[in-house]
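Note sheet for the following structure.
Protein chains in written order, with our numbering: chain G, 595 to 732; chain H, 5 to 588.
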């Protein structure tokens, strides 16, 4: 079983960012500082929104880039950050060409999506979904 | 709450900034409107150009539908206290940059824009942005230069603000505005083209488990109940048909009671949704998405098979002001007018009321006939109104110079006060429902329909409320006081039925802020503080009066009457002067 977050229909996104708040709120706090998902306008609000989420790559470049082995790939989906090992070098962020490794500027660590689906639960227009599949991880 | 109490002070003249820790302010005035008005009182003597103050509240970035920023300033339109609220992303960006309020003092040596972030303030050259005819272009340039997508807000003015139109707005996120009372002209005078706000901090809470539980309850109520359905589906234009049917939608400067059934249908939210609705947008942290964008597709004038498409935000007040109020009922033409005032950065309500006054004043020979050239103001004549909007913004002729000062200034100079629809020098919102609405505009601290929703009292037709001046005064003050709490927290007024006083107190416990049990009394105290400040600035309660036109034009509710109005205002003033008066 593999769990993966997916963007179902960006056309329905209204830019409310509730997904980002939900992600950040997993820490117990408010704001957007710890969000591992991003919603931004596609060059002005009238053009709609771009949603950046972790694609849960099968062979994740961010994991490979980490010199401290602070990122590990989980078989059921998602990447985990071992915070104690992370030195805040930022190489994982540089390695993710879709920009899905976000940054906690206060703690100088990446915000990594764990594919928990909280963002999808709080999406009022069903733009996001957490999907389950039988495909195997490497 | 450590970030909330930090006040960032930027001085355009000295090109410097500093941060002050002000827990006293947020403890006494909560945040938002309470804090911004208190800061304006502190700083208004320090800046001859007039300070521009922005404040957010304790619920900002923590709870949904609490993402508004309140601006306080000396209004170029009324010459007195000015306050304007805007949604979008500015509130969240300011708070996540680590501030509860921003004070902008002085005048820049040349056009500039500010970048506000966790490091403080940068003063950036905006000379190349000054004079652009469409206020979206400078925003695009600032956006591309400053980065921070998704965690950023861009406030900017258009040519109306630069040229001193006293009802110029400040636009944020293209479709939200600090619309009323002329903050745009304050920016213009400061040579301040815009402000980029960027922030990405976490907002800690004291009781995370309770916070999450209460948050989930709140979200479910907003997303699943019918309380938000009206704003969610058709948006505020859903009000057009019911208000028109009851006779409360102002038509042609209140000269006419109603539109024809076809005209009303053309202006309805249903028609706009079916023909033009292209996309819906939300403010940050709002599940409702009340912002409705129409696609306006027009043939290019010079070439066949070329089209120019723009995306225009519409809502009830705009359809009233640039539609029924000036007799324009073709939906596409209304959108063209909205698009023009958006490009220039003007308040649509004030502009519509001024165009309506000009049309009637011209009809009645108050104005010289050679003033307008070929495009003379006529009800329903879109081309003339487009031309007049251009002239208001750019024409140096004395008449248009006066028009830039507002409808009150026009009627004082040229006559026609009886049909100048202004309340406390602010142009009338789109409710001619009865004496509740009109007294509400007078009594409201901003002279706005949003201050106390007097129109809702008219629509409910509660006999007891209108049974005496005391009862009506009490009902208006009650709503005004509660809205002072909402605008200090800062909560969107559309969610007022969800953020009931008990709920507010419950939510405040989860984030460790202390609010008094009697919120209405606190709201009344905030109102009194602002009123006292207004009086220091020259406001005189006893000079408030209804425009004659609203008294003679038939309303569906209780007809406005100068004597009853006078007694109600006197009763309200008596309550406000009585420190033992209670709304509970």
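A virtual CB, placed ideally from N, CA and C, is assigned to each residue, including glycine.
Under DSSP, residue 303 of chain H forms a beta bridge with H:311. In the three-state scheme derived from DSSP, where H, G and I count as helix and E and B as strand, residue 670 of chain G is classed as coil. According to the DSSP secondary-structure assignment, residue 633 of chain G is paired through a beta bridge with G:645. Cβ contact annotation for residue 157 of chain H (same chain, cutoff 7 Å, sequence separation greater than five): 92, 93, 94, 97, 176, 177, 201, in chain order. Across the structure, residue 479 of chain H and residue 455 of chain H are spaced so that their CA atoms are roughly 12 Å apart. If you compare the alpha carbons of H:159, H:298, H:196 with that of residue 167 of chain H, the shortest gap goes to H:196.
Under the Cβ distance rule, residue 362 of chain H does not count among the residues neighbouring chain G, no pair being separated by less than 8 Å. Cβ contact annotation for residue 445 of chain H (same chain, cutoff 6 Å, sequence separation greater than five): 427, 451, in chain order. Residue 347 of chain H counts as buried, since no fewer than 16 other beta carbons sit within 10 angstroms of its beta carbon.
Here the stretch 487-502 of chain H does not lie against the stretch 537-548 of chain H, with fewer than 3 beta-carbon pairs under 8 Å apart.
In the three-state reduction of the DSSP assignment, residue 67 of chain H falls in the coil class, being assigned neither a helical nor a strand state. Along the stretch 203-231 of chain H, going in chain order, the ones with a CB nearer than 8 Å to a CB of chain G are 204, 205, 206, 207, 208, 209, 212, 213, 215, 216, 219, 223, 227.
Counting of Cβ neighbours within 10 angstroms places residue 639 of chain G among the buried residues, the total reaching 16 or more. Taking a C-beta cut-off of 7 Å against chain G, the contacting residues of the stretch 258-289 of chain H are 283, 284, 285, 286, 288, 289, listed in chain order.
Listed as beta-bridge partners of residue 624 of chain G by DSSP are H:207.
For the 8 Å CB-CB criterion, residue 225 of chain H and residue 508 of chain H do not form a contact. DSSP places residue 725 of chain G in the uninterrupted beta strand (DSSP E) bounded by 722-727.
Taking 8 Å as the threshold, the shortest C-beta distance from residue 241 of chain H to chain G does not fall below it. Within chain G, not a single residue places a beta-carbon under 9 Å from that of residue 250 of chain H; the smallest gap is close to 31 Å.
Inter-residue distance for residue 573 of chain H and residue 599 of chain G is about 59 Å (C-alpha atoms, whole angstroms).
A direct Cα-Cα distance of roughly 9 Å separates residue 603 of chain G from residue 719 of chain G.
Three or more Cβ pairs closer than 8 Å define a contact, and the stretch 610-629 of chain G falls short of that threshold against the stretch 675-690 of chain G.
Judged by beta-carbon spacing, residue 113 of chain H lies beyond the 8 Å limit of residue 189 of chain H, meaning their Cβ atoms are not closer than that value. A Cβ-Cβ contact shorter than 8 Å links residue 45 of chain H with residue 537 of chain H. Each of H:491, H:532, H:473 was checked against the Cα of residue 570 of chain H, and the nearest Cα belongs to H:473.
Taking C-beta atoms as the reference points, residue 69 of chain H and residue 499 of chain H count as a pair closer than 8 Å.
Close to residue 293 of chain H, with beta-carbon spacing below 7 Å, are these residues of chain G in chain order: 608, 610. Looking only at H:356, H:210, H:40, the smallest Cα-Cα distance to residue 424 of chain H is reached by H:356. Judged by their CB atoms, residue 612 of chain G and residue 212 of chain H are not nearer to each other than the 8 Å cut-off. Taken in chain order, the members of the stretch 173-192 of chain H whose beta-carbon sits within less than 8 Å of a beta-carbon on chain G are 177, 178, 179.
Judged by beta-carbon spacing, residue 59 of chain H lies within the 8 Å limit of residue 105 of chain H, meaning their Cβ atoms are closer than that value. In this structure, residue 692 of chain G places its C-beta atom within 8 Å of the C-beta atom of residue 649 of chain G. Straight across, the Cα-Cα distance linking residue 276 of chain H with residue 335 of chain H is about 7 Å. In the displayed model, residue 421 of chain H falls within a helix according to three-state DSSP. In summary, residue 310 of chain H is exposed, with fewer than 16 beta-carbon neighbours lying within 10 Å of its beta-carbon over all protein chains present. Spatial neighbours of residue 655 of chain G in its own chain (CB-CB distance under 7 Å, excluding positions within 5 residues in sequence) are listed in chain order as 689, 690.
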